[in-house]
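Structure first, commentary second.
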Amino acid sequence: MFYSVVIPTYNRQPILAQCLQALENQNFALSYEVIVVDDGSADGTVEWLRSHPLSHVRLYCQTHQGPSAARNLGIAQAQGTLIVFIDSDLVVTGQFLQAHELARQQAQQRLGNDRFFTYGRVINTCNFEHPTAASYKLTDFSAAYFATGNVAIARHWLETVGGFDPDFQGYGWEDLELGVRLKQRGLKQVKVPTAVGYHWHPPFQLSQLPALIDQEKQRSRMGLLFYQKHPTLHVKLMVQMTPLHSLLWGVLTWGGHLNEDSLRPLLAWLIRQGRSQLALEISRVFLNWHYLQAFKATNRHQTPSHPWRNT
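The sequence shown runs 1393 to 1703 under my numbering.
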């Protein structure tokens, strides 16, 4: 059994260095490689990788096309029969690959086949110096079926369903869309809480809000694309394309009046008090409102038969 860890990256050189060093230091008896696909970074990522060679790492480069195309390139170049996906801002523990392998062996024996994937735990942190010191929090819980932050799957299943859809060039949904196709093939999710990755992000600051709002607009466009490809009730609920979601977030934001402008003094005070994570969680409410508003704005340019108007 040979493992290939596939990591797309875009302008994340400092945390990528920690990500790759953690993968170099695995306590793992099997052979493995790390495929890094640079998606057109402009922060010196490629130069750093070439000047800091690591024994397990192989680098491939592409023009900026998004994570779907980057992961597909990684799969195509990988030598492993097992593919592990993590993000380039994830720092794993020394037992990370071993935990996935042990879970794979147990699931194979229990199920009698490899129609499954192993799904690890992701813990969010803003501690750059010691990311693995963070503890699991309620906000770290994910109900996703398949997400590429921490997952391992037999390569042939990825090839069977055609890999990631390259139409997803903006932020969000490309891994969940692949998950829909995997679920249609009957693959089961096997959770592995001992395969832990620590997802680093910088402490929240008000200056990040314009980029976060733009990210939500991208996510809305990709969500609409997701539903166009899979027009089912399940996907409709996932991307919040229902009047109920619109009503809920309208109530939570008081019709959009609780937004980045009206809440700025509160958010600034929380940040000064060292509560940047709480400030971010509060911001997620109006950020999701921006997501839904962008969804509706995009849908106005669609034909009358588009799903938002039929809900």
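Yeah, the Cβ is synthetic: ideal placement off N, Cα and C, and Gly gets one too.
- Here the alpha carbons of Gly1504 and Gly1666 stand approximately 51 Å from one another.
- With respect to the 8 Å criterion, Phe1678 and Glu1652 are classified as neighbours on the basis of their beta carbons.
- A distance below 8 Å separates the beta carbons of Val1543 and Phe1509.
- Here Gly1541 is not near His1593, since their CB atoms are 8 Å or more apart.
- The shortest CA-to-CA distance from His1492 to any of Leu1482, Arg1502, Arg1513 is the one to Arg1513.
- Inclusion of Tyr1402 and Gly1432 in the CB contact set at 8 Å is warranted, their separation being smaller than that value.
- If you compare the alpha carbons of Val1476, Pro1445, Leu1482 with that of Arg1404, the shortest gap goes to Leu1482.
- Around the C-beta of Tyr1528, fewer than 16 other C-beta atoms lie within 10 Å, and the residue is accordingly described as exposed.
- Looking at Glu1566, Gly1562, Gln1561, the one whose alpha-carbon comes closest to that of Gly1555 is Glu1566.
- In this structure, the CA atom of Ile1427 is about 44 Å from the CA atom of Pro1657.
- If you draw a 10 Å sphere on the C-beta of Gly1647, you find fewer than 16 other C-beta atoms in it, and that means exposed.
- Distance from the CA of Ser1396 to the CA of Gly1578, rounded to the nearest whole angstrom, comes to 23 Å.
- Contact between the stretch 1459-1472 and the stretch 1410-1429 is present, with at least three C-beta pairs closer than 8 Å.
- Every unbroken stretch of the beta strand (DSSP E) spanning 3 or more residues and falling wholly within the stretch 1506-1577 is given here in chain order: 1508-1517, 1542-1546.
- Counting C-beta pairs closer than 8 Å gives fewer than three between the stretch 1637-1646 and the stretch 1571-1590, which falls short of the contact rule.
- In the three-state reduction of the DSSP assignment, Glu1425 falls in the strand class, which pools E and B.
- Of the residues assessed, Arg1573 falls on the buried side of the cut-off, its CB having 16 or more other CB atoms within 10 angstroms.
- The criterion of a C-beta distance shorter than 8 Å is satisfied by Met1393 and Leu1474.
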